[in-house]
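First residue of the sequence shown: 33, per our numbering; consecutive thereafter. Single-structure report; data block below.
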Amino acid sequence: MSTTWALALHGGAGTIARTSMTAEAERAYRAALQTALEAGAEVLRRHGPALDAVEMAVRSLEDCPLFNAGRGAVFTHEGHHEMDASIMDGRTGLAGAVAGVRTVQNPIRAARLVMEHTDHVLLAYPGADELARQHNLPTQPAEYFFTQHRYDQLQEALKEGKMRLDHSEAKQPNEDPKKKMGTVGAVARDQHGHLAAATSTGGMTNKRYSRIGDSPIIGSGTWADNRTCAISCTGHGEYFLRAVVAHDIACLMEYRGLSLAEACRIVVHDKLAPVGGEGGLVAVDSAGHVALPFNSEGMYRASLTDTTPIYIGVYGDEG
Ligand code: ASP
């Protein structure tokens, strides 16, 4: 039976060790991934567009304080939140992104607004917040984005004097504190054969100088093209930017005729890993095949298609 719709999502990749994850924390992550998967799958089952499915899945993850995006976004050096997001429609090739937004409750909605209501692709900082306000997207005061564990992570990072990638709850000893990543994202193929991808992040703890990672950069953190694949990345943004990861996978498929799995393997394991580009991605191709590759110890990930059951993974040894 061939797949008609498919959905995959991630909640960040990094050093996630089974030995140090508490049962309670693991249950909470898995439940949040399942809720987001259901939010997107509901759209696809009703013959809705892939674009709506990825937006709904990412919104669900942004609303969950466990993940480094939206509500759970990490703190900047100055103690603010600067969130990045992007979305791409594989049917039309249109894309939208925001970087450094501080007040938008769901940055992925702002990214979609840029795509659908402006002539631009990427808007940043106060201008992006202003556009969201003009279009009546829900905004929130700084307190909404305050989570104690993220605040504690900033204090630790300030002490170390380093910028850090964070993806989960600090104080839960489930990872090496120096190696943390986080971001959320989703990819989908809908019943009409259209693809879409969406990514949203708070970036890196203790980031400064208006640092922007790969997540809002079309081609690096996010890509969708009906002819090849849809991709959403998570990992050390500077490496993903330099390797133009998402578009590179699509190019390997388009110009070299590789399968999704093979193209992902080359980019994630052969190109990124040797240079220290830790992370992973979720991907779906035009036939509905799903790939969830990562070169880090773990990646919060989930997938579901109309022909396969729900898959939820956290560690490196699960399927
Ligand atoms: N890629 C994101 C960034 O560099 C962070 C992550 O995915 O962990 O901003």
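For every residue, glycine included, the Cβ atom is placed at its ideal position computed from N, Cα and C.
Do you know offhand how far H301's Cα is from Q166's?
43 Å
Measuring only the C-alpha atoms, how far is A164 from N138?
Per the coordinates, the alpha-carbon of A164 lies some 10 Å from the alpha-carbon of N138.
Helix, strand or coil, according to DSSP, for A101 in the structure here?
coil
Closer than 7 Å by C-beta to Y183: which residues in its own chain qualify, once you throw out the five before and the five after it? Chain order, please.
F107
Is any heavy atom in the ligand ASP found nearer than 6 Å to the beta carbon of D280?
no
Count the other CB atoms within 10 Å of the CB of P97; is the residue buried (16 or more) or exposed (fewer)?
buried
Contact defined as beta carbons within less than 8 Å: I believe A142 pairs with V136. What is the distance between those atoms, to the nearest angstrom?
5 Å
Expressed to the nearest angstrom, what Euclidean distance is found between the alpha-carbon atoms of D317 and A73?
A direct Cα-to-Cα measurement between D317 and A73 gives close to 17 Å.
Report yes if the C-beta of T266 is less than 6 Å from at least one heavy atom of the ligand ASP; otherwise report no.
yes
Would you please state the rounded distance, in angstroms, between the beta carbons of Y332 and Y61? I believe it to be under 8 Å.
6 Å
So what's K303 in DSSP terms, helix, strand or just coil?
helix
Assuming A275 and T254 form a contact by the criterion Cβ under 8 Å, report the distance between their Cβ atoms to the nearest whole angstrom.
Not a contact, Cβ separation roughly 14 Å.
Taking only the alpha-carbon atoms, compute the straight-line gap between A40 and R59 and give it to the nearest angstrom.
19 Å
DSSP three-state call for V106: helix, strand or coil?
coil
Output the boundary residues of the alpha helix (DSSP H) element that contains R59.
A55 to R77
For A71, which residues in the same chain have their Cβ closer than 8 Å to its Cβ, ignoring the five residues on either side in sequence?
Counting only Cβ-Cβ distances below 8 Å, and skipping sequence neighbours, we find M88, A89, R91 and S92.
Report the option in R288, H79, I298 and L65 whose CA atom is closest to the CA atom of P325.
I298
Output needed for L358: all residues of its chain with C-beta closer than 6 Å, excluding positions within five of it in sequence on either side, in chain order.
This structure cannot speak to residue 358, because the chain is shown only from 33 to 351.
For a minimum of 4 consecutive residues, which ranges assigned as the alpha helix (DSSP H) are wholly contained in the region 267-346?
269-275, 277-288 and 292-297
With F222 and W37 assumed to form a contact (beta carbons below 8 Å), what rounded beta-carbon distance in angstroms separates them?
The question names Phe, but residue 222 in the sequence shown is Asp. Yes, they are in contact, since the Cβ atoms of D222 and W37 sit about 6 Å apart, within 8 Å.
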